[in-house]
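Student:
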Amino acid sequence: MIGSVIRGIPYGCVFGLLAVGLVLTYRTAGVFNLAFGAQAFVSAAIYYDTRVRHGWPIFAAFLLAVVVVGPLLGLLLNYAVFRHLRTAPPVARLAASLGLLVAMPEIVKLWFGNSPAFAPPSISPAAGHIYRFGGFAVDGNEVATIAATLAVVIVLTVIFRKTPLGLRMRAVVESPRMAELAGVNADRVSAVAWMMSSFLAGLAGVLLAPLFAQVNANNFTTLLIAAIAAAAFGGLSSIPLAFLGGILLGIAQQVIAGYLPLNSVLAQGLRPSLPFAALFLLLLLRPGLRTRREQGDPLAGVDPPPPPPAANIRSARLTRVTRVMGAIAGAAVLALAVFRLDAFWLGIVTLAVIYSTIFLSITVVTGMAGQISLCQATFAGVGAFTTAQLVVAFGVPVLAAIAIGACLAAALGALVALPALRLGGIHLALATLAFALMFESVLVPLDWVGGGSLPLHVPRPLVGPVDFASDQSFFLLCTGVLVLVGIAVSLVRGGQTGRFLDSVRGSEVAAMSVGIPTARVKVTAFALSAAIAGLGGGLLASQQHEANPARFVPFWGLFWVVLVVTLGSRTIEGAVNAGLALMLVPELLEVLGLTPAFGFVLFGLGAITFARHPEGIVEAQKREAIGFVDRQVDRLANRRRSRNATAATEP
Amino acid sequence: MGIRRFALVVAIVVAIVVTSCGNSEESKPPARSSDGANGTVVDQPGVTDNEIRVGSVASVTNPLGLRAAALFDGVKAYFAMANARGGVHGRMLRLVTERDDQSLQNQSEVQALLEQDNVFAAVVGTIMFTGADILATAGVPTFGWNINPEWQNGPSLFGDKGSFFGFTRAYPLVPWLARRIDATKIGIVAYSVPQSIDCAKGDQASFERFGAAKVAVVDTSLPFGVTDLSADVAEMKQKGVDLVLTCIDQNGAASLAREMRKQGLRARLYLPNAYDQEFIAKFGDLFEGSYVLTQFTPFELAVQPPGLQRFSTWMQKSGKDRSEIALAGWISADMLVAGLRAAGGNFTRQRVVDALNRMTDYDADGILPGIDWTIAHRDDSPQICYLLLEVVHRKLVPRFGESGKPFICFDRDAQRLPDEPLRRA
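Protein chains in written order, with this note's numbering: chain D, 1123 to 1773; chain G, 558 to 982.
#1: Let me know the beta strand (DSSP E) ranges lying completely inside the stretch 944 to 977 of chain G, each 3 residues or longer, listed in chain order.
#2: Pull up the CB-CB distance for leucine 652 of chain G and valine 611 of chain G, whole angstroms please, since I reckon it's below 8 Å.
#3: When you check each C-beta in the stretch 829 to 843 of chain G against every C-beta of chain D, which residues fall closer than 7 Å?
#4: Output, in chain order, the set of chain G residues within a Cβ distance shorter than 8 Å of arginine 1393 of chain D.
#5: Report yes if the CB atom of valine 1188 of chain D is closer than 9 Å to the CB atom of phenylalanine 1321 of chain D, and no otherwise.
#6: Counting pairs of beta carbons, one from the stretch 754 to 768 of chain G and one from the stretch 718 to 730 of chain G, are three or more of them closer than 8 Å?
#7: Please go through the stretch 642 to 697 of chain G and give each complete beta strand (DSSP E) segment of 3 or more residues, from N-terminal end onward.
#8: Threonine 699 of chain G and phenylalanine 715 of chain G look like a contact to me (Cβ under 8 Å); what is the Cβ gap, rounded to whole Å?
#9: Please report the straight-line C-alpha distance between phenylalanine 836 of chain G and isoleucine 738 of chain G, rounded to a whole angstrom.
#10: Can we count valine 1740 of chain D as close to the ligand COA, meaning its CB is less than 8 Å from some heavy atom?
#11: Compute the Euclidean distance between the alpha carbons of proline 978 of chain G and glycine 809 of chain G, then round it to the nearest angstrom.
#12: What residue from D/Ser1165, D/Lys1744, D/Leu1216 has the CA that sits closest to phenylalanine 1154 of chain D's CA?
#13: Could you tell me how far apart the beta carbons of alanine 1339 of chain D and alanine 1160 of chain D are, in whole angstroms, since I believe they sit closer than 8 Å?
#14: Within the 9 Å Cβ cut-off, does histidine 1667 of chain D reach chain G?
#15: Are serine 1563 of chain D and glutamine 1376 of chain D close, meaning C-beta to C-beta below 9 Å?
#16: Would you kindly work out how many angstroms separate the C-alpha atoms of glycine 1469 of chain D and glycine 696 of chain G, rounded to a whole number?
#17: Could you tell me which chain D residues have their CB closer than 7 Å to the CB of leucine 602 of chain G, listed as they occur along the chain?
#18: What in chain G is Cβ-close to valine 1190 of chain D, meaning under 8 Å?
#19: Check whether chain G comes within 9 Å of valine 1136 of chain D, counting only Cβ atoms and requiring the distance to be less than that.
#20: Is it buried or exposed, proline 1583 of chain D, if we count other Cβ atoms within 10 angstroms and call 16 or more buried?
#21: Ignore the nearest five residues each way along the sequence and tell me which others in arginine 1408 of chain D's own chain have a CB closer than 8 Å to its CB.
#22: Tell me whether the beta-carbon of leucine 1604 of chain D lies closer than 9 Å to the beta-carbon of threonine 1717 of chain D.
#23: Is it the case that the stretch 1502 to 1520 of chain D contacts the stretch 1560 to 1577 of chain D, given that we only count it when at least three CB pairs across the two stretches are under 8 Å?
#24: Kindly say whether glutamate 881 of chain G, judged by its beta-carbon, lies nearer than 9 Å to any beta-carbon of chain C.
#25: Rounding to the nearest angstrom, what Cα-Cα distance links leucine 512 of chain G and leucine 1680 of chain D in this structure?
#26: Report the CB separation of phenylalanine 904 of chain G from leucine 897 of chain G in whole angstroms; it is logged as a contact under 8 Å.
#27: Quick one: is glutamine 1336 of chain D buried, meaning 16 or more other Cβ sit within 10 Å of its Cβ, or exposed?
#28: Should tyrosine 1253 of chain D go down as buried or exposed, given a rule of 16 or more other Cβ atoms within 10 Å for buried?
#29: Which runs of the alpha helix (DSSP H) at least 4 residues long sit entirely within the stretch 1219 to 1303 of chain D? Give them in chain order.
#30: Starting from alanine 693 of chain G, find everything on chain D with Cβ-Cβ shorter than 8 Å and list it in chain order.
#31: Is there a Cβ from chain D that is less than 9 Å from the Cβ of proline 586 of chain G?
#32: I'd like to confirm the pairing. Which residues does DSSP put opposite isoleucine 745 of chain G in its beta bridges?
#33: Anything in chain G within Cβ reach of serine 1246 of chain D, meaning under 7 Å, just list it in chain order.
#34: Where does glutamate 1709 of chain D fall in DSSP's three states?
#35: Return the first residue and the last residue of the beta strand (DSSP E) that valine 1153 of chain D is part of.
#36: Measure how close the beta-carbons of valine 1643 of chain D and leucine 1623 of chain D come, nearest whole angstrom, since I'm counting them as under 8 Å.
Pasting the structure below:
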């Protein structure tokens, strides 16, 4: 046992360092910064480039990558993004950090390149030296990590407890307006906070990069998940406890590895899932995770009333014209798709339709319920794997299997939502992320779930005499499903459940006070959302002829959320726009001669606008366009009226 | 219409549909037999009087990490060589498209090869190969980097080292290596993902069948992306492991080697996924004495076969670096040309596929040990050949072969471990 404990400390410090960074950002800037790993990647890439490719000495490379670029990046993020989100709801800030998580690595790769950057160098001159004590050993890089982590914990604890700066930082996060009334320059304090946290991300980047064979943004994101569990142990607020959480997690991994037989089924399930299971349990069980800020702020949980959908503010005449034009355009697109498009473009459009269906699940959970779920790709995967398993193992017809898959996803969605009911905002988002990662690590590798090495084959459906084997007929089937799901979502939104969700979204406390069953409503939203994602996942498997696990990894779940909130999470058109964008933007970029990586940059940066336009960019533009058209129509009508009036008064 | 009424209507429609539905027959995977062709197809898409058009799809940009753009370089280098010699059947070979499937768009990009690029043949190197069925159903001669089990989906799909994946089968290679280097205790590490677990099962089965050493530690519970292997190494050290078989990627191998050095575990590593000069050079002191596996002649051979010499020459001429993926592109192009030549001047897609599937010893001019395409879509060749390299002073040094005969080969169905493997060119 002592051996496991000692061996767990160096890796515990790795988790601890990242966890401290997360807590620092959350405490000082009020943002649960999922892009922390991406920020770490920026400094790691610069350090690698200067040290390895340009031969800079350690000190100079460290100075540039960590001391200069780290804080500058924080400053940039503060002024360009988070300064405008200080009073935005936590979900909006989380969406912005998700956008940065997607966009930042791709921006760095445009300069850093895609070729492998092997053997990231350490900041320790004695990185390879082994220090032995008793039967144990640590290398120079681990010593540097342990020392840096301890120093960071001590310095930050002192800053928060003993200095006026720490007090101001806490005050600004608590309530920027109140802090400003007390004479605190919230802008400046926030900028300092971001510079500090970004410096820490840079430090983590150069310290932890040598753990891996090459510099890669995904590596930091993988470590970050364990760090989130450690941060949750610290209640997202205590730096020493977050550090302790990291150490405990490192030790727990060692104890499990040391005591469970390595090749046992239990080890296969428990070891990969430990950080995610720990995070899930901590979020559910740790008292005080609803931070004082969210509870104490009188505005906590109360989103400003969202602007009405564009469709609701346009005039009756414009609505009629829009509907007629929409019907004509829809029919034309259908005809074009069926009769004119080649198999390639038909495949692209069919995928866009299927993804639009899946994205309607985000419309329900984010647009209507105001929650962020990061496991929609997992629910889609549940639908796909269930469909494939039922077809392959039991010979169930595909459509029936897809329906069963959707039901299973709904049940799973309700199950995830039930224990997470008391969570909201970022905690719920993190719980869904933990669930997605657990599903990927523990369940997908099982033959009876993911199907093993070779993805399971899924045929196209056959209904009576109608065979959907052809791409045209399958496209029509998918379009029909999208229309049905769209109508269902629209009816739910306009019905009692939708109105309840609106109330819960606005203020859960107020909704409860007027007797709205918030728990039931949230579970319903989650289950409906999961069912839609599962349905789309089944269709996707049938369209692709296989249920391939790579299509449902958690990254896509994050990216889908980014995409939908960018383009419009509150309307059905927003989901359709997102589906079309997902499939058509890469083709457009190719036509323009740009790398597809620009797509990730574009959508990632787009998510940052979520706070200003929670209805989505397209919806915001549409509202402006409608306002413009209505003004022009009114002006014309007024002019005609005045002309008529003038004509009538003339003798 | 209210939601309840709508739901009722949908439920009734779904019930009716479900009771009358089945699965389409047309979308079943194509037969895996190579003798189903009738050779009467006359259309030759992508072929003009002057050129033969080839399209390619690779994972170039994607957030999952794999970069396979070098596949294009290998194909283009080979085409440059072939065209400099007058092309094939009087036609120039042209790689007309280099499509990036971004990992998710494989099926769409494959579809585009057929619908928009008008190609005769395809070269593929991607993370997912969801377009395999489309290419197989269309009978398009398809070549590429075989890292996906979907390469087994049809007789027109030709992986660069054969199309069969036999991960879980017992092979004599690693037991023979253990005996050869006097290793007696074996450790096996794998991620908890299907391909990795299958690899570990295969290694275990090999020692169960052939003996030679005892498998002391097996860990198939490692989370993908793990950096902490200290518990595994501690157990291996405790049990006296002296050869560690890895079923993990380069990240994992580097972490494992680092931890072994830290804990003073003096065991050799067997690395089936590490043929990368830069990787080895950067970590060379960590991997000193380890063995790296290839199934092709590596660039380090003193006596290089003609195919590899030409690869090096033409990659240099094109100003591109040599790599395993570029070599996969080169082999793919060579296989296409071999098929075209064997099919004759009046070639069609089907005739090219049939001609290749009649070859019993395709070796890309000495780069490969020889693929028997009469069975390579569904099984290993009767003789399975490998090439092992040892890491010596940060460099890869071929071992166990002979001059001009670098491969060591074993009988696929061997029941006991041979004293010495067969050496062959």
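Glycine is no exception: its CB is placed at the ideal position from the N, C-alpha and C atoms.
All values reported here derive from a predicted model rather than from experimental measurement.
Tutor: Reading it off the structure:
#1: Runs of the beta strand (DSSP E) inside the stretch 944 to 977 of chain G: 952 to 956, 964 to 968.
#2: By 1-based counting over the second sequence, the position of residue 652 of chain G is 95. By 1-based counting over the second sequence, the position of residue 611 of chain G is 54. Confirmed, about 5 Å.
#3: From the stretch 829 to 843 of chain G, only Glu835, Phe836, Lys839, Phe840 have a Cβ closer than 7 Å to chain D.
#4: Reading the first sequence from its first residue, position 271 is the one you call residue 1393 of chain D. Chain G residues near arginine 1393 of chain D: Ser749, Ser778, Leu779, Pro780.
#5: For this step, residue 1188 of chain D is matched to residue 66 along the first sequence. For this step, residue 1321 of chain D is matched to residue 199 along the first sequence. Yes, the Cβ-Cβ distance between valine 1188 of chain D and phenylalanine 1321 of chain D is below 9 Å.
#6: The count of Cβ pairs closer than 8 Å, one atom from the stretch 754 to 768 of chain G and one from the stretch 718 to 730 of chain G, reaches three, so the stretches are in contact.
#7: Whole beta strand (DSSP E) segments, 3+ residues: 649 to 657, 678 to 682.
#8: Within the second sequence, the letter at position 142 stands for residue 699 of chain G. Within the second sequence, the letter at position 158 stands for residue 715 of chain G. Taking C-beta atoms under 8 Å as the contact rule, threonine 699 of chain G and phenylalanine 715 of chain G qualify, at a distance of about 7 Å.
#9: On the second sequence, position 279 is the one that residue 836 of chain G refers to. On the second sequence, position 181 is the one that residue 738 of chain G refers to. Taking the straight line joining both Cα atoms gives about 24 Å.
#10: For the ligand COA, the structure offers nothing, since it holds no ligand at all.
#11: Position 421 of the second sequence, counted from the first residue, corresponds to residue 978 of chain G. Position 252 of the second sequence, counted from the first residue, corresponds to residue 809 of chain G. Whole-angstrom Cα-Cα distance: 30 Å.
#12: Mapped onto the first sequence, residue 1154 of chain D falls at position 32. Per the Cα distances, D/Leu1216.
#13: Taking the first residue of the first sequence as 1, we reach residue 1339 of chain D at position 217. Taking the first residue of the first sequence as 1, we reach residue 1160 of chain D at position 38. Between alanine 1339 of chain D and alanine 1160 of chain D a beta carbon distance of about 6 Å is seen, short of the 8 Å cut, so the two are scored as contacting.
#14: One-based indexing of the first sequence puts residue 1667 of chain D at position 545. True, the Cβ-Cβ gap to chain G drops below 9 Å.
#15: The count along the first sequence starts at 1 and reaches residue 1563 of chain D at position 441. The count along the first sequence starts at 1 and reaches residue 1376 of chain D at position 254. With respect to the 9 Å criterion, serine 1563 of chain D and glutamine 1376 of chain D are not classified as neighbours on the basis of their beta carbons.
#16: The residue you call residue 1469 of chain D lines up with position 347 of the first sequence. The residue you call residue 696 of chain G lines up with position 139 of the second sequence. Going from the Cα of glycine 1469 of chain D to the Cα of glycine 696 of chain G covers about 19 Å.
#17: Residue numbering aside, residue 602 of chain G sits at position 45 when the second sequence is read from its first letter. A quick correction: the sequence has proline, not leucine, at residue 602 of chain G. Chain D residues near proline 602 of chain G: none, gap ~13 Å exceeds 7 Å.
#18: Reading the first sequence from its first residue, position 68 is the one you call residue 1190 of chain D. For valine 1190 of chain D, no chain G residue has a C-beta closer than 8 Å to its own C-beta; the minimum C-beta separation is roughly 27 Å.
#19: As a position in the first sequence, residue 1136 of chain D is number 14, starting the count at 1. Interface residue, yes.
#20: The count along the first sequence starts at 1 and reaches residue 1583 of chain D at position 461. Proline 1583 of chain D should be labelled buried.
#21: Walking along the first sequence from the start, residue 1408 of chain D turns up at place 286. Non-local beta-carbon contacts of arginine 1408 of chain D in its own chain, meaning distances under 8 Å to residues more than five positions away in sequence, involve Ala1354, Phe1355, Gly1357 in chain order.
#22: Within the first sequence, numbered from 1, the residue matching residue 1604 of chain D stands at position 482. Within the first sequence, numbered from 1, the residue matching residue 1717 of chain D stands at position 595. No, they are not a contact pair.
#23: A contact exists between the stretch 1560 to 1577 of chain D and the stretch 1502 to 1520 of chain D.
#24: This model lacks chain C altogether; the protein chains it does include are D and G.
#25: Because chain G spans 558 through 982 in this model, residue 512 of chain G falls outside it and cannot be assessed.
#26: Within the second sequence, numbered from 1, the residue matching residue 904 of chain G stands at position 347. Within the second sequence, numbered from 1, the residue matching residue 897 of chain G stands at position 340. That pair is a contact at about 6 Å.
#27: Position 214 of the first sequence, counted from the first residue, corresponds to residue 1336 of chain D. Answer is buried; the Cβ neighbour count reaches 16.
#28: Residue 1253 of chain D sits at position 131 when you count from the first residue of the first sequence. Residue burial is scored here from C-beta neighbours: tyrosine 1253 of chain D has fewer than 16 other C-beta atoms within 10 angstroms and is therefore classed as exposed.
#29: 1262 to 1284, 1286 to 1296, 1298 to 1303, all fully within the stretch 1219 to 1303 of chain D.
#30: As a working mapping, residue 693 of chain G is identified with position 136 in the second sequence. None at all; the shortest Cβ gap to chain D is about 11 Å.
#31: By 1-based counting over the second sequence, the position of residue 586 of chain G is 29. For proline 586 of chain G, the pLDDT reaches just 41, beneath the cut-off of 50, and the residue's location in the model is therefore unreliable, although a value from the coordinates is still provided. True, the Cβ-Cβ gap to chain D drops below 9 Å.
#32: If you number the second sequence from 1, residue 745 of chain G lands on position 188. Paired residues: G/Val775, G/Leu802.
#33: By one-based count along the first sequence, residue 1246 of chain D stands at place 124. The contacting residues do not exist; serine 1246 of chain D stays about 14 Å from chain G at best.
#34: Within the first sequence, the letter at position 587 stands for residue 1709 of chain D. It is helical.
#35: Taking the first sequence and counting its residues from 1, one reaches residue 1153 of chain D at position 31. Segment: none, valine 1153 of chain D is in no beta strand (DSSP E) and carries neither H nor E.
#36: Working through the first sequence from its first residue, we reach residue 1643 of chain D at position 521. Working through the first sequence from its first residue, we reach residue 1623 of chain D at position 501. Contact flag correct, Cβ pair sits at about 6 Å.
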